[in-house]
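One structure is given below, encoded as structure tokens.
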Amino acid sequence: MYVESVEIRNFRNLRQLEICFNKRYNYFYGKNAQGKTNIIEAVSYLLSTKSHRETAVANLIHYDDTASVVMGQVIRKGVRDSVSFTLGEDKKVFYLNRQKVLPSVLVERFGVVFFDPEDLRLIKDGPDKRRRYIDQLISNIHPPYRKAYRQYHHLLKQRNALLKDPSVKEYGELFYIFDKQLAGLTKYIIQKRLRYLKEIQTVAQKIHEGITDEKERIGLKYQTNIIDEYEKIKDIEKIYLTLLKQNFVYDKERRTSLLGPHTDDILIEVNEKSARRFASQGQQKTVSISLKLSEVELYRIQKNVQPIVFLDDVMSELDEKRRRRLLSLLKEGQVFITATDKIDQSDIDKDEIALFEVIDGSVVQMDI
Ligand SMILES: Nc1ncnc2c1ncn2[C@@H]1O[C@H](COP(=O)(O)OP(=O)(O)O)[C@@H](O)[C@H]1O
Ligand SMILES: [Mg+2]
Numbered sequence: 255m256y257v258e259s260v261e262i263r264n265f266r267n268l269r270q271l272e273i274c275f276n277k278r279y280n281y282f283y284g285k286n287a288q289g290k291t292n293i294i295e296a297v298s299y300l301l302s303t304k305s306h307r308e309t310a311v312a313n314l315i316h317y318d319d320t321a322s323v324v325m326g327q328v329i330r331k332g333v334r335d336s337v338s339f340t341l342g343e344d345k346k347v348f349y350l351n352r353q354k355v356l357p358s359v360l361v362e363r364f365g366v367v368f369f370d371p372e373d374l375r376l377i378k379d380g381p382d383k384r385r386r387y388i389d390q391l392i393s394n395i396h397p398p399y400r401k402a403y404r405q406y407h408h409l410l411k412q413r414n415a416l417l418k419d420p421s422v423k424e425y426g427e428l429f430y431i432f433d434k435q436l437a438g439l440t441k442y443i444i445q446k447r448l449r450y451l452k453e454i455q456t457v458a459q460k461i462h463e464g465i466t467d468e469k470e471r472i473g474l475k476y477q478t479n480i481i482d483e484y485e486k487i488k489d490i491e492k493i494y495l496t497l498l499k500q501n502f503v504y505d506k507e508r509r510t511s512l513l514g515p516h517t518d519d520i521l522i523e524v525n526e527k528s529a530r531r532f533a534s535q536g537q538q539k540t541v542s543i544s545l546k547l548s549e550v551e552l553y554r555i556q557k558n559v560q561p562i563v564f565l566d567d568v569m570s571e572l573d574e575k576r577r578r579r580l581l582s583l584l585k586e587g588q589v590f591i592t593a594t595d596k597i598d599q600s601d602i603d604k605d606e607i608a609l610f611e612v613i614d615g616s617v618v619q620m621d622i
């Protein structure tokens, strides 16, 4: 799968651009704040219908304009799709082959793995990062998960609003109704997370062995306050319901729901020791890379198509050795890269890379 070309109008600082891409590597470089990230944001938006850094539609439209249009040609399993979206007045509309479609249609059709410097801090940062990692990975591969996950958060928000309501003092019928639904979704979410964590572990282990010359082993362990042994997963609904009732006083005191999949974490280990506590910064980055690459590999295995990979400013955070390894591990598929420096030294075949300099919202294709 690859994006053949794109036309961008009024997306952020990109007034008018037409770019033909290489099937493999597309490398955008230039000074800060020129529009490098904006370009790959526009392309990934086209395929994934969202931005990695912005949720408000209005902020994606050029300041001096009221609408933005992005169009692209995508080749997937040998078939060309024409994809586009328009943004205007807080509304986004997507088209596939000139037919209006729901975002989910595009999300399910095209696969994207977006990698930014934040992802290199997957180990070091808080649990929310790791939850986002696994939730996004599962959603990409298995769309029903996204739906369940959204439903869970929707219910949770309502439950939390109820906890903030001073007139509600007791655990009553209303909470029970919420909690019963939450418990069902919790079981589903945790089961899926456990299942995919196992798959990630297998794939990540292989990748990581390759990167570290078989010196390091990755371990992934799901951490939840709801159950202590995973055999109990079949009873998790009942256990969680009881816990929610027991914990009500604390929830009420803190005016938020303290237990559930939204507070769970993944313990990441290197050679049986917590990577967060014991691994060096460099090791932590390498583990993060292995985990992100697993996302690519799992998508390929499960969907039988190579996802399109975006590396936003990741290269500058890595030393030469890790940079080259990362590139060499992206053996297949289309890759978009942004960086401040022109690609320094490259093991990449000239035909397999397009090089672009980005200056003030415009793009010049350069010779390698
Ligand atoms: N809605 C917008 N309209 C016009 N310019 C924008 C908009 N949003 C961001 N920008 C501009 O885009 C530039 C940043 O682009 P970005 O792609 O993040 O830079 P970089 O090349 O460093 O990756 C900034 O100059 C910012 O002012
Ligand atoms: Mg940038």
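Here the sequence shown is numbered in my numbering, starting from 255 and rising by one per residue. All C-beta atoms in this analysis are idealised placements derived from N, C-alpha and C, irrespective of residue type, glycine included.
Do L513 and I480 have their beta-carbon atoms positioned less than 8 Å apart in this structure?
I480 places its beta carbon less than 8 Å from that of L513.
DSSP state of V568 mapped onto helix, strand, coil
Residue state, collapsed to three classes: coil.
Segment limits, alpha helix (DSSP H) that includes T592:
Careful: T592 lies outside any alpha helix (DSSP H), inside the beta strand (DSSP E) at 589-593.
Checking 8 Å against the spacing of the C-beta atoms, do S298 and F368 come in under that value?
Cβ distance < 8 Å, so S298 and F368 count as in contact.
Taking the Cβ atom as the reference point for each residue, do I454 and L474 lie within a distance shorter than 8 Å?
Taking 8 Å as the Cβ cut-off, I454 and L474 qualify as a contacting pair.
Name the DSSP beta bridge partners of K418, please?
DSSP lists no beta-bridge partner residue for K418.
In this structure, what does DSSP give as the bridge partners for F348?
Partner(s): F339, V355.
Which of the three DSSP states, helix, strand or coil, is assigned to Q619?
If DSSP states are grouped into helix, strand and coil, Q619 belongs with the strands.
Check for me: the alpha helix (DSSP H) holding V297 runs from which residue to which?
Note, V297: alpha helix (DSSP H), 290-302.
Among R413, S302, H306, the one whose alpha carbon lies nearest that of G365
Residue S302 is the option with its Cα nearest to G365.
Does the distance between the C-beta of L314 and the nearest non-hydrogen atom of ligand 1 fall short of 7 Å?
Under cutoff, so the answer is yes.
I'd like to know whether the C-beta atoms of V337 and L314 end up nearer to each other than 8 Å.
Their beta carbons are not under 8 Å apart, which means V337 does not touch L314 by this criterion.
What's the gap between the Cα of N280 and the Cα of R577?
Each residue's Cα considered, the two are about 15 Å apart.
How big is the Cα-Cα spacing for K345 and T592?
Near 28 Å, if we compare the C-alpha coordinates of T592 and K345.
How long is the line joining the alpha carbons of Q327 and G380, rounded to whole angstroms?
Going by the C-alpha atoms only, they are around 38 Å apart.
Give a yes or no on whether the C-beta atoms belonging to N264 and H316 are separated by under 8 Å.
Taking 8 Å as the Cβ cut-off, N264 and H316 qualify as a contacting pair.
Return yes when at least one heavy atom of ligand 1 lies under 7 Å from the C-beta of Y203, else no.
What the structure shows of the chain is the stretch from 255 to 622, and residue 203 is not part of that stretch, so it cannot be assessed.
Any residue whose CB is nearer than 7 Å to a heavy atom belonging to ligand 2, listed in chain order
Residues with their Cβ less than 7 Å from any non-hydrogen atom of ligand 2, running along the chain, are K290, T291, D566, D567, T592.
Going by DSSP, name the residue or residues bridged to S259.
Paired residue(s): C274, Q327.
Which residues in the same chain as G438 place their Cβ atom closer than 8 Å to its Cβ, once the five residues preceding and following it in sequence are excluded?
For G438, where only same-chain residues beyond five positions count, the Cβ hits under 8 Å are E491.
Can you tell me whether P515 is buried or exposed? The criterion is at least 16 other CB atoms within 10 Å of its CB, across all chains shown.
That one is buried.
Quick one: complete beta strand (DSSP E) runs, 3+ long, within the region 442-477?
472-477, all fully within the region 442-477.
Unbroken alpha helix (DSSP H) run spanning L627, endpoints
Summary: the structure shown does not reach residue 627, with the chain confined to residues 255 through 622, and so no result is reported for it.
Cα separation between T309 and L410?
Their backbone Cα atoms lie some 20 Å apart in a straight line.
According to DSSP, is D519 part of a helix, a strand, or is it coil?
Here D519 sits in strand by DSSP.
Got a sec: does ligand 1 put a non-hydrogen atom nearer than 7 Å to the Cβ of A608?
Closer than 7 Å to some heavy atom of ligand 1: that does not describe the Cβ of A608.
Does DSSP put V361 in a helix, in a strand, or in coil?
DSSP places V361 in helix when its eight states are reduced to three.
Just to confirm, are N525 and E468 a CB contact at a threshold of 8 Å?
Not in contact: N525 and E468 (Cβ atoms no closer than 8 Å).
Quick one: Cα of R400 to Cα of T456, how far?
Using only the alpha carbons, I get a separation of about 23 Å.
G365 beta carbon near ligand 1 (any heavy atom closer than 7 Å)
Exclusion of G365 from the 7 Å shell around ligand 1 follows from its C-beta lying no nearer than that to any non-hydrogen atom of the ligand.
Where K585 sits in the DSSP three-state scheme:
DSSP places K585 in coil when its eight states are reduced to three.
Within the same chain, show all residues whose beta-carbon is closer than 6 Å to that of F590, passing over the 5 residues directly before and after it, in chain order.
By the criterion of a C-beta distance shorter than 6 Å, F590 is surrounded in its chain by N280, I294, F564, once the five residues flanking it on both sides are discounted.
Based on Cα-Cα distance, which residue from I543, S358, A402 lies nearest to L581?
Of the listed residues, the one whose Cα sits closest to L581 is I543.
Restricting to Cα atoms, I'd like to know which of H408, G289, Y256 is closest to K277.
Checking every option, the nearest Cα to that of K277 belongs to Y256.
From the DSSP output, read off the bridge partner residues of Y283.
Its beta-bridge partners are A593, E611.
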